[in-house]
Ligand code: XMP
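Residue numbers (UniProt numbering): 198 to 518.
As structure tokens, then:
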């Protein structure tokens, strides 16, 4: 029978058998999946685990600080923070194809983990990499029975072929709601467990078009406003996640102040879902949508139009890329 205690015991035993007395690293994203995977591995092998948080420059406002502070405070896990923004942004320069972006990001993550592992290793090599891969990630990357590749999740189909780490993926058969239950059972704080999912490739797959610092900065501001207003309205738990997307290669004519503007649209994509395999667009109150729209067009230079995505999944996916 499925109880969180059973799953934890079973996974802890498996992790110990796989890892033995070797050192392990875990890529922490700030999201619930990698946090729970790390907590499980920590329970299994304690200080043999070091978590690595990669700041790839594609994060939302405040995210890096949150991981550095909250996660360590909650778990006592050893954490190494790597600032890799230049490296990721250089590798992504000019790239517009979504699968290409995902593969570049998957590869760069591994290269950063390899470098971090060399620094962390106190004896021999770090052979194991923990990832918070869930069952839906595997299915959508074409790894499940009879499934097509819809998109290559950066930590599954986006991994480089010459990967030297053995993967430790204790959540690979689980869905998000189960992972949240495990997280609570493992003592992670509610705020961490109930965070909205955020994809490893970050804001790169929420900019339709090439990614650069300026565009990231625009999107970060718009995203921050949307999150702030959703929370202020007390609606965080009413939506599964709330991507905000910048259509960086589209411009439309507007009128702002006394004059004509010719700026970019931003898409609001709030969705409701059980497991991200299917989703529906969230019927957020119009006054909340209106506040977000007014604030984004007033506060974010270069954005003069806000649109609402009213597509379910299928046929749309949650993310635009
Ligand atoms: P889609 O866009 O396929 O997204 O409907 C389903 C869920 O997965 C997240 N997502 C990702 N998460 N790496 C991740 O860690 C990825 O490459 C990736 N692509 C999508 C997405 O945010 C949603 O929760």
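By construction, the Cβ of each residue, glycine as well, lies at the ideal position given by its N, Cα and C atoms.
This one's a predicted model, so the numbers in the text were calculated from it and none came from an experiment.
Asked                                                                                                                                                                         : Found
To which residues does DSSP link residue 462 through a beta bridge?                                                                                                           : 502
For residue 407, which three-state DSSP category applies?                                                                                                                     : coil
Roughly how many whole angstroms lie between the Cα atoms of residue 290 and residue 407?                                                                                     : 7 Å
Taking one C-beta from the region 239–257 and one from the region 214–229 each time, how about it: are there three or more such pairs within less than 8 Å?                   : yes
So what does DSSP say about residue 414, is it helix, strand or coil?                                                                                                         : helix
Does the distance from the CB of residue 349 to the CB of residue 308 come in under 8 Å?                                                                                      : no
Cα separation between residue 477 and residue 317?                                                                                                                            : 43 Å
Are the beta-carbon atoms belonging to residue 331 and residue 368 less than 8 Å from one another?                                                                            : yes
Examine the ligand XMP and report whether any of its heavy atoms sits within less than 7 Å of the Cβ of residue 404.                                                          : no
Quick check on the DSSP output: the beta strand (DSSP E) that includes residue 388 runs from which residue to which?                                                          : Not the beta strand (DSSP E): residue 388 falls in the alpha helix (DSSP H), residues 387–390.
Could you have a look at residue 319 and say whether DSSP puts it in helix, strand or coil?                                                                                   : coil
On the three-pair Cβ rule with 8 Å, is the region 319–326 touching the region 371–381?                                                                                        : no
Evaluate residue 459 with the Cβ neighbour count: other Cβ atoms within 10 Å of its Cβ, from every protein chain shown; 16 or more gives buried, anything less gives exposed. : exposed
How should residue 314 be labelled, buried or exposed, when 16 other C-beta atoms within 10 angstroms of its C-beta is the threshold for buried?                              : buried
Using CA atoms only, rank isn't needed, just tell me which of 238, 227 and 286 is closest to residue 257.                                                                     : 227
Just grab the DSSP bridge partners of residue 290 for me.                                                                                                                     : In DSSP, residue 290 forms no bridge with anything.
I need the DSSP call for residue 231, collapsed to helix, strand or coil.                                                                                                     : helix
I need the boundaries of the alpha helix (DSSP H) containing residue 487, first residue and last residue.                                                                     : 483–496
Count Cβ pairs between the region 272–287 and the region 438–455 that sit closer than 8 Å; are there 3 or more?                                                               : no
Using alpha carbons as the reference points, say which of 233, 490 and 295 lies closest to residue 517.                                                                       : 295
For a quick check, are the C-beta atoms of residue 237 and residue 285 less than 8 Å apart?                                                                                   : no
What do you get for residue 515, buried or exposed, if any count of 16 or more other CB atoms within 10 angstroms of its CB means buried?                                     : buried
What residue ranges within the region 341–375 form continuous beta strand (DSSP E) runs of no fewer than 3 residues, ordered along the chain?                                 : 363–365
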